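Visitor:
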Amino acid sequence: DAGVTQSPTHLIKTRGQQVTLRCSPKSGHDTVSWYQQALGQGPQFIFQYYEEEERQRGNFPDRFSGHQFPNYSSELNVNALLLGDSALYLCASSSSGVSPLHFGNGTRLTVT
Amino acid sequence: AQKITQTQPGMFVQEKEAVTLDCTYDTSDPSYGLFWYKQPSSGEMIFLIYQGSYDQQNATEGRYSLNFQKARKSANLVISASQLGDSAMYFCAMRDNYGQNFVFGPGTRLSVLP
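Sequences listed follow chains A and B, in order. So the first sequence is residues 625 to 736, counted in my numbering. So the second sequence is residues 451 to 564, counted in my numbering.
1. Any C-beta of chain B sitting closer than 8 Å to the C-beta of H726(A)?
2. Of all the CB atoms in chain B, is at least one closer than 8 Å to the CB of P694(A)?
3. Report the rounded CA-to-CA distance for C542(B) versus L733(A), giving the unit in angstroms.
4. What whole-angstrom Cβ distance do I454(B) and M539(B) have, given they're in contact under 8 Å?
5. Which residue wins for smallest C-alpha separation from G690(A), given the options L707(A), A704(A), Q672(A), L705(A)?
6. Roughly how many angstroms separate the alpha carbons of P490(B) and S537(B), rounded to a whole number?
7. From V528(B) to V463(B), what does the alpha carbon distance come to, in whole angstroms?
8. Is the CB of N729(A) under 8 Å away from at least one CB in chain B?
9. Output yes if chain A places a C-beta closer than 8 Å to the C-beta of M495(B); else output no.
10. Is there a Cβ of chain A sitting closer than 8 Å to that of F518(B), yes or no?
11. What residues in its chain sit with their C-beta under 6 Å from that of S697(A), if we drop five residues either side in the sequence?
12. Residues of chain B with a CB under 9 Å from the CB of R646(A): which are they?
13. Could you tell me whether the Cβ of P556(B) comes closer than 8 Å to any Cβ of chain A?
14. Of all the alpha helix (DSSP H) runs that stay within the bounds of the stretch 648 to 706 of chain A, which reach a length of 4 or more residues?
15. Check whether the Cβ of Q672(A) lies closer than 8 Å to any Cβ atom in chain B.
16. Using 8 Å as the limit for Cβ to Cβ distance, is F688(A) near chain B?
17. Applying the 10 Å Cβ sphere with the 16-neighbour rule, what's the burial state of Y504(B)?
18. Flag this pair as touching only if the stretch 677 to 684 of chain A and the stretch 633 to 645 of chain A have three or more C-beta atom pairs under 8 Å; answer yes or no.
19. Output needed for Q692(A): all residues of its chain with C-beta closer than 7 Å, excluding positions within five of it in sequence on either side, in chain order.
20. With distances taken from CA atoms, which of G557(B), D476(B), T558(B) is nearest K520(B)?
21. At the level of alpha carbons, what is the spacing between Y514(B) and G460(B)?
22. What does DSSP give as the partner residue(s) for R732(A) in the beta ladder?
23. Using the rule of at least 16 other Cβ atoms within 10 Å of the residue's Cβ for burial, across every protein chain shown, is A662(A) buried or exposed?
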């Protein structure tokens, strides 16, 4: 039973560029949430997708956008990268938004 | 707004001893869920234990137990018989009433000494 998988594991981008991160949820899960975790801090909620729609959004600018596909996988897109976007990006899946979140190993994004 | 506070940035415990990691929370919702996650240096967040706000008994999962004191708004994690592999960051989190957003605390770094 595959858990949550994220790709890539590491990424280095230059300020102003755009990046796309990918996530496949745990088998049987239909809800995907994205979190940003800066070094030494707890994860911060970016947004959640259910039935291919953004259901709730945290306090992040419009530069952060996402998508969920019919197979429940999801992408996180960040435009016009800033140095402050450097962080570990965690994808988490759950069943219909309830139950514990199951996390992937994350994508570590470095913006130079 | 919901908030999680973890006042212990770092904790040390001797192998085989028990340790308590503190967590207090703030919410105006009558229904909520409280969670603890472990994050090893690899980065993955591992679910440990869950407590619902209406649960009458404290949750237990193997060596993990949650000391839930609703009136004090605290949900401390107790790890019994600590093992070297328990060394990691531990995060307390709350799920809002709609189940769509988890709020995490700043975490506590636990170091288990041999």
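A virtual CB, placed ideally from N, CA and C, is assigned to each residue, including glycine. Please read all numbers here as calculations on a predicted model, not as lab measurements.
Guide: Per the coordinate set shown:
1. For H726(A), the answer is yes, since a Cβ of chain B falls inside 8 Å of its Cβ.
2. Closer than 8 Å to the CB of P694(A) there is not a single CB belonging to chain B.
3. C542(B) and L733(A): Cα-Cα distance of roughly 24 Å.
4. For I454(B) against M539(B), the beta-carbon gap comes to about 14 Å, at or over 8 Å, which does not count as contact.
5. Closest by alpha carbon: Q672(A).
6. Approximately 7 Å between the Cα atoms of the pair.
7. Distance between the alpha carbons of V528(B) and V463(B): 12 Å.
8. By this cut-off, N729(A) is an interface position.
9. Yes, M495(B) lies at the interface with chain A (some Cβ there is under 8 Å from its Cβ).
10. For F518(B), the closest Cβ of chain A is not nearer than 8 Å.
11. For S697(A), the CB contacts under 6 Å within the same chain, skipping 5 residues up- and downstream, are S648 in chain order.
12. Near R646(A) there are no residues of chain B at all, since even the closest Cβ is about 16 Å away, more than 9 Å.
13. Yes, its Cβ sits closer than 8 Å to a Cβ of chain A.
14. The stretch 648 to 706 of chain A contains no whole alpha helix (DSSP H) run of 4 or more residues.
15. Cβ-Cβ to chain B under 8 Å: yes for Q672(A).
16. So, not an interface residue.
17. Exposed is the call here.
18. No, the stretch 677 to 684 of chain A does not touch the stretch 633 to 645 of chain A.
19. For Q692(A), same chain residues with a beta-carbon under 7 Å away, outside a window of 5 residues either side, are V656, Y673, E676, S698 in chain order.
20. The shortest C-alpha separation from K520(B) is found at D476(B).
21. Their backbone Cα atoms lie some 18 Å apart in a straight line.
22. Bridge partners of R732(A): H634(A), L712(A).
23. By the Cβ neighbour-count rule, A662(A) is exposed, with fewer than 16 other Cβ atoms within 10 Å of its own.
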